[in-house]
Amino acid sequence: ANVSGTAAVGGIAASNNIANITTAELSGSNVSGTGVGDSAHDVKVQADDSSNIYAGAFSVQASGAASIGASVVVNTITNGVYARVLGNSGQTAQVRGAGDLTVSANSHSSIKGAAAGLAADANVGVAGTVVTNVIGTSVEAAIDKNADVDIGGTAAVLAKNSDQILTVAGSAGIGLGATGIGAAAAVNVITATTRAQIGDNDTNGKRTRVDALGASATTVSGGGLDAASEPLNRLSAFRLAVEFNAPNPN
1048 ANVSGTAAVG GIAASNNIAN ITTAELSGSN VSGTGVGDSA HDVKVQADDS
1098 SNIYAGAFSV QASGAASIGA SVVVNTITNG VYARVLGNSG QTAQVRGAGD
1148 LTVSANSHSS IKGAAAGLAA DANVGVAGTV VTNVIGTSVE AAIDKNADVD
1198 IGGTAAVLAK NSDQILTVAG SAGIGLGATG IGAAAAVNVI TATTRAQIGD
1248 NDTNGKRTRV DALGASATTV SGGGLDAASE PLNRLSAFRL AVEFNAPNPN
């Protein structure tokens, strides 16, 4: 905030960036989920990312001659979330079990930003506000590269993206004697790649194989997964990033 008897010029800028890579992976490994007694143990490979940015910028200028104020906020999230069961050039990944296999990758990123500018003057008041938010995430769940799956339950390969942006931008220019100008602009962009797959990158003439004997069909989906029972054998990767930026005046 600037207050002057002649002219007041000021601005505030806030910039925030999150770039996470979250991976849960079985690569060239042998995993057995065979139950003991009547128990059918499940195997889950799960990667989750919940990144959040909360940012605000507010500018107030007041004078007796001319007031000019600007507020600028730029927020970006560029994450990768990967859950995979993969073979490699030397060894096939094997998953054996009496229960279910779930390979799931989920992104729940969000940006919540606000910016406001006020310029008040006895003559000329000019205020401008610009907010730019960009989320670009890559979400992938896969059984691939010569993986060999043989289970007694069902197999599910699930990728889900529920990223969101919420923006509030406002500006007011007050000129009591001459001119008051206020302008505000908000630009929000979400560019996401969400992919669930079995096979497609096999090597050495081998093929990815999934043999699931459960009553339900094998599922490959870019949608969501309802709550399920907690598996016994679980490989999980969790990343939580929360950033708050209280900008400083220029």
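Numbering of the sequence shown is given in the working numbering, commencing with residue 1048 and proceeding in unit increments.
Glycine included, each C-beta is placed from N, C-alpha and C at the ideal position.
Item, Value
"Count the other C-beta atoms from every protein chain shown that fall within 10 angstroms of the C-beta of residue 1148, then say buried if there are 16 or more, exposed otherwise.", "buried"
"What residues in its chain sit with their C-beta under 6 Å from that of residue 1236, if we drop five residues either side in the sequence?", "1181"
"Hey, out of 1098, 1123, 1134, whose CA is closest to residue 1072's CA?", "1134"
"Among 1209, 1227, 1199, whose alpha-carbon lies nearest the alpha-carbon of residue 1257?", "1199"
"Under the assumption that residue 1141 contacts residue 1189 (Cβ atoms under 8 Å), give the Cβ distance between them as a whole number of angstroms.", "So it is not a contact: roughly 16 Å between Cβ atoms."
"Skipping 5 residues on each side, what residues in its chain have a beta carbon closer than 6 Å to that of residue 1172?", "1114, 1166, 1220, 1221, 1222, 1227"
"Could you check the C-alpha separation between residue 1075 and residue 1212 for me, to the nearest Å?", "38 Å"
"On the DSSP bridge assignment, give the partners of residue 1213 in chain order.", "1159"
"How many Å lie between residue 1194 and residue 1079 at the Cα?", "14 Å"
"Going by C-alpha distance, which of 1177, 1066, 1164, 1203 is nearest residue 1121?", "1177"
"Under 6 Å Cβ to Cβ from residue 1119, same chain only, skipping five residues before and after it: list those, please.", "1060, 1177"
"Rounded to a whole number of angstroms, what is the C-alpha to C-alpha distance between residue 1124 and residue 1153?", "15 Å"
"So residue 1117 and residue 1164 are in contact, right, with Cβ under 8 Å, and what is the actual spacing, rounded?", "6 Å"
"Is the distance from the Cβ of residue 1102 to the Cβ of residue 1160 below 8 Å?", "yes"
"Between the Cα of residue 1210 and the Cα atoms of 1077, 1069, 1126, which residue gives the shortest distance?", "1126"
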